[in-house]
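Here it is in structure tokens:
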């Protein structure tokens, strides 16, 4: 690949990743599953390894997304960085070897490393001064987050006061989450009240915490696990394990599955133990986090631009199941994009009943040769958006025909076209009807009143649908 081609691909990837970061971190509404996002990031890093100058200003050098503006901004005294990912046993072995190489240690050196579940929630930094909780902030872009102190004070398992043995100043960091049972009960209550249900526990936790009315947050059963720290002039220990256990002694909730491992083999054994327990934990996790236990070695290893050299997240493989594709429906979005949605025979994947899955676009349908009636492999990668991974061809029914993507809008009948961009056809086919199309009108109205636009309270998606269908509101 020439540098020009690499730069063009890198530019596209960077734009896609930035948009996904904004949707996930600021809007609490991910538009892509974790596995697909990780694949985009890995490809971006591959290009940067071949052409290092592409890394300047790249998403690979950033963490999270800029604070939304709904809350006052807080500059982190110590940046809240992200973690590099491992996807295989070999990646974990590579992580351990990189630490040995950096520290100049023999290849047979074994480290003491902590292993704990990677909670799928919202990262939080909680500051105590004179042992009193004085401030709490979201991760934001790693350098600057949102001040959500009033809301954090309503989370029942976070102490407002630390004991006398705690230092004068310490920032405790961890994860806000919703248990799966609390999430199900909260969604049932929202549906009963005629409100839109939450997409998943992670989105539910983030949306519940980032309410401008703290009484709403107080009504949500949020929980917290502490696992790290930011500013801490006097740490209560010389190892990762000792500090976290001291947090526990102070009354802060810590994960009971955290373990201290003495070798790479023990790390992988703990990973598999936690993976086997995943469906029974009662809260969502998407991997296991490893951290070098010795804090003096952590300090020697230091940090890269966006992640520590002494920690890594070992991600779980996506959970899969097989089921039947019963139909393919086309949804029309605000910009006229025609998005295919797979309607599936309901199947349980990762403890959740899945009946719909994304098919992305017509090229993806053609590439996978997905046909109505097929037996398909469904995956909840990252426990977010279900997707069809592949077709079980030997179970394809006789007479199953290749799917013909519509050339006209299924709502208004206008032509649907794929625009040419840089000599290549756009991946998305779009309705050309504009505001003639009822689907586009509805989606634009929903966007108009949303919190990312005019933020009009009391006008949710359901009301917009009803008002449009009754003719009370027609144009945005």
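In this note's numbering, the protein residues as written are 1296 to 1771. Heads up, the beta-carbon is just placed ideally off N, CA and C, and yes, glycines get one too.
Item: Neighbour-count burial assignment, residue 1770, 16 or more Cβ in a 10 Å radius; Value: exposed
Item: Bridge partners - residue 1685, DSSP secondary structure assignment; Value: 1672
Item: Residues near residue 1506 in its chain [Cβ-Cβ closer than 6 Å; skip 5 each side]; Value: 1512
Item: Own chain partners of residue 1444 with C-beta closer than 7 Å, once the 5 adjacent residues on each side are dropped; Value: 1430 and 1431
Item: Burial state of residue 1586, where buried means 16 or more other Cβ atoms lie within 10 Å; Value: buried
Item: Whole-Å CB distance - residue 1697 paired with residue 1662, under 8 Å assumed; Value: With 8 Å as the limit, residue 1697 and residue 1662 do not qualify as a contact, their Cβ atoms being about 12 Å apart.
Item: Rounded C-alpha distance that separates residue 1652 from residue 1626; Value: 12 Å
Item: N-terminal and C-terminal residue of the beta strand (DSSP E) that residue 1697 is part of; Value: Looking at the DSSP string, residue 1697 is not in any beta strand (DSSP E), and its letter there is neither H nor E.
Item: Residue burial classification, residue 1751 (beta-carbon count within 10 angstroms, cutoff 16); Value: exposed
Item: Residues near residue 1379 in its chain [Cβ-Cβ closer than 6 Å; skip 5 each side]; Value: 1602 and 1607
Item: Alpha helix (DSSP H) runs contained entirely in the segment 1438-1495, provided each spans 4 or more residues; Value: 1444-1447 and 1475-1487
Item: Residue 1461 to residue 1448 span [Cα, whole Å]; Value: 19 Å
Item: Alpha helix (DSSP H) runs contained entirely in the segment 1494-1574, provided each spans 4 or more residues; Value: 1496-1504, 1509-1513, 1535-1544 and 1559-1572
Item: Enclosing beta strand (DSSP E) for residue 1738 [first to last residue]; Value: Unbroken run through residue 1738 is the alpha helix (DSSP H), 1733-1744; no beta strand (DSSP E).
Item: Nearest neighbour of residue 1377, chosen from 1433, 1616 and 1757 [CA to CA]; Value: 1433
Item: Residue 1408 in three-state terms, based on DSSP; Value: strand
Item: Under the three-state DSSP convention, the category residue 1770 falls into; Value: coil
Item: Contacts around residue 1477, its chain only, beta-carbon distance under 7 Å, and the 5 residues preceding and following it disregarded; Value: 1516
Item: From 1631, 1688, 1592 and 1544, residue whose alpha carbon lies closest to that of residue 1454; Value: 1544
Item: Closer than 6 Å: residue 1704 CB and nearest the ligand SAM heavy atom; Value: With respect to small molecules bound, the structure shown includes none, and the ligand SAM cannot be examined in it.
Item: Same chain only: Cβ atoms within 8 Å of residue 1773, ignoring 5 sequence neighbours per side; Value: Here the chain has residues from 1296 to 1771 only, and residue 1773 is not among them.
Item: Bridge partner(s) assigned by DSSP for residue 1598; Value: 1603
Item: The segment 1396-1405 touching the segment 1475-1490, judged by at least three CB pairs closer than 8 Å; Value: no
Item: Where residue 1757 sits in the DSSP three-state scheme; Value: helix
Item: Sequence-distant residues of the same chain with beta carbon closer than 6 Å to residue 1685, five excluded per side; Value: 1672
Item: Contacts around residue 1678, its chain only, beta-carbon distance under 7 Å, and the 5 residues preceding and following it disregarded; Value: For residue 1678, the predicted structure reports a pLDDT of 48, less than 50, and the residue's modelled location is therefore unreliable. The matter cannot be settled from this model.
Item: Residue 1775 and residue 1343 closer than 7 Å at C-beta; Value: The structure shown has nothing for residue 1775, since the chain only spans 1296 to 1771.
Item: Assigned exposure category for residue 1744 - 16 Cβ within 10 Å defines buried; Value: buried
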